[in-house]
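S.K.: One structure coming up, written as structure tokens, with questions to follow.
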Amino acid sequence: MPNGRPQPARDEAELASLVAARLCHDLVSPLGAIGNGVELLEMSGDFPGISKSPELALITESVQAARARVRFFRTAFGHAPPDQRVAVSEIGQLMADFTAGGRLTVELDGSGDVSRPEARMILLALMCMDSAMPWGGRVLVCRTGNGWRLVGEASRTRFEPASWSWLDHRPEAPPQMPVAAEVHFAMLGVLSARNDRPIAWEVDASGGEITF
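Written as structure tokens, this is what we have:
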């Protein structure tokens, strides 16, 4: 701390990733405790028939959905050491959990494993496609020879140029900061630049595509 003044963060995006990882980590324990409590209620003889009650079923489904979302967000937004690997099958499960109960369906065509930063880019790209198809649709995620391709089909799309411009991020012309609901565009743009993985994209009335 030269001259007694604090220095700026070395990498604000990395700091944000660490914050996201910490928040997700701290949410896992209470959600797990609620899930364990529900299981104990189901096994208890003090509440006959409670295991078949719609109220407990709703709590169980909600806890499962929340835990799945936290796992997805922890991988998509959390800290990602480049030397760590993630199985493509695990990415597929995270995608299935993210779209469960929604109008978007996703199909993954790939195998093997990828680096954590690459896994983040895949999941963030799926979130971008989800933003473009809020009324539902289908997304095919394919592993190509040297990268990934996400192709979406829908009967109706929504296009926000300011958010998508983050995927064309140029240091000399930073895009407008997105709203919180579309921060995944900014994170994907930052990861693209940091990992030297240029993104090509397009959105039209019947779907969209992201390639990197």
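At position 82 of the sequence shown (counting the first as 1) the number is 81 in numbering that gives the first Met the number 0, and the numbers step up by one without a gap.
We put the beta carbon where it would ideally sit given N, CA and C, even for glycine.
Does the beta-carbon distance from VAL69 to LEU30 come in below 9 Å?
M.R.: Residue 69 sits at position 70 when you count from the first residue of the sequence shown. Residue 30 sits at position 31 when you count from the first residue of the sequence shown. Yes, the Cβ-Cβ distance between VAL69 and LEU30 is below 9 Å.
S.K.: If we ignore side chains and look at the alpha-carbon of each, how far apart do ARG102 and PRO81 end up?
M.R.: The residue labelled residue 102 in the question sits at position 103 within the sequence shown. The residue labelled residue 81 in the question sits at position 82 within the sequence shown. Taking the straight line joining both Cα atoms gives about 33 Å.
S.K.: Which residues in the same chain have their Cβ closer than 7 Å to the Cβ of VAL62, if we skip the five residues on either side of it in sequence?
M.R.: For the purposes of this step, residue 62 is identified with residue 63 of the sequence shown, where counting begins at 1. Counting only Cβ-Cβ distances below 7 Å, and skipping sequence neighbours, we find LEU30, ILE33, GLY34, VAL37.
S.K.: Under 8 Å Cβ to Cβ from PRO197, same chain only, skipping five residues before and after it: list those, please.
M.R.: Here the question's residue 197 lines up with position 198 in the sequence shown. Result list for PRO197: SER191, PHE211, in chain order.
S.K.: State the start and end residues of the unbroken alpha helix (DSSP H) segment that holds GLU117.
M.R.: As a first step, residue 117 is located in the sequence shown; it is residue number 118 there, counting from the start. Here the alpha helix (DSSP H) through GLU117 covers 115-131.
S.K.: Under a Cβ-count criterion, where at least 16 other Cβ atoms within 10 Å of its own Cβ denotes burial, should GLU60 be classed as buried or exposed?
M.R.: Here residue 60 refers to the residue found at position 61 of the sequence shown. Result: exposed.
S.K.: Along the chain, where does the alpha helix (DSSP H) containing GLY146 start, and where does it finish?
M.R.: In the sequence shown, counting from the first residue as 1, residue 146 sits at position 147. GLY146 -> no alpha helix (DSSP H), and no H or E assigned at all.
S.K.: Return helix, strand or coil for ASP195, following the three-state DSSP convention.
M.R.: As a first step, residue 195 must be located in the sequence shown, where it is residue number 196. ASP195 falls in the coil class under three-state DSSP.
S.K.: I need the DSSP call for ALA64, collapsed to helix, strand or coil.
M.R.: One-based indexing of the sequence shown puts residue 64 at position 65. Residue state, collapsed to three classes: helix.
S.K.: Quick check: the Cα distance between GLU159 and ASN194, rounded to an integer number of angstroms?
M.R.: Within the sequence shown, residue 159 is the residue found at index 160, counting from 1. Within the sequence shown, residue 194 is the residue found at index 195, counting from 1. Cα to Cα, GLU159 sits roughly 25 Å from ASN194.
S.K.: Which value, in whole angstroms, describes the spacing of the CA atoms of ASP203 and TRP134?
M.R.: As a position in the sequence shown, residue 203 is number 204, starting the count at 1. As a position in the sequence shown, residue 134 is number 135, starting the count at 1. In a straight line, the C-alpha of ASP203 is about 14 Å away from that of TRP134.
S.K.: By the DSSP assignment, the alpha helix (DSSP H) with ILE90 in it spans what residues?
M.R.: Within the sequence shown, the letter at position 91 stands for residue 90. Looking at the DSSP string, the run of the alpha helix (DSSP H) that includes ILE90 is 87-98.
S.K.: On the premise that VAL150 lies in contact with GLU208, defined as a C-beta separation below 8 Å, what is that separation, rounded to the nearest angstrom?
M.R.: Locating residue 208 in the sequence shown gives position 209, counting from the first residue. Locating residue 150 in the sequence shown gives position 151, counting from the first residue. Indeed, because the Cβ distance is near 5 Å, the residues count as touching under 8 Å.
S.K.: Sort ILE90, ALA79, MET176 by Cα distance to ALA67 and report the nearest one.
M.R.: By one-based count along the sequence shown, residue 67 stands at place 68. The option with the nearest alpha carbon to ALA67 is ILE90.
S.K.: Which residue's Cα is closest to the Cα of MET126: SER205, PHE76, SER28?
M.R.: Looking up residue 126 in the sequence shown gives position 127. Closest option to MET126, Cα to Cα, is PHE76.
S.K.: Which residues bound the beta strand (DSSP E) around LEU107?
M.R.: By one-based count along the sequence shown, residue 107 stands at place 108. Residues 103-108.
S.K.: Roughly how many angstroms separate the alpha carbons of SER110 and SER43, rounded to a whole number?
M.R.: Taking the first residue of the sequence shown as position 1, residue 110 is located at position 111. Taking the first residue of the sequence shown as position 1, residue 43 is located at position 44. Answer to the nearest angstrom: the Cα atoms are 43 Å apart.
S.K.: Look at ARG157 and ALA131 and say whether their C-beta atoms are less than 9 Å apart.
M.R.: Translated into the one-based positions of the sequence shown, residue 157 becomes position 158. Translated into the one-based positions of the sequence shown, residue 131 becomes position 132. Contact flag set, yes.
S.K.: Measuring alpha carbon to alpha carbon, tell me which residue in ALA199, SER205, SER162 is nearest ALA185.
M.R.: In the sequence shown, residue 185 corresponds to position 186, counting from 1. Comparing Cα-Cα distances from ALA185 to each of ALA199, SER205, SER162, the minimum goes to SER162.
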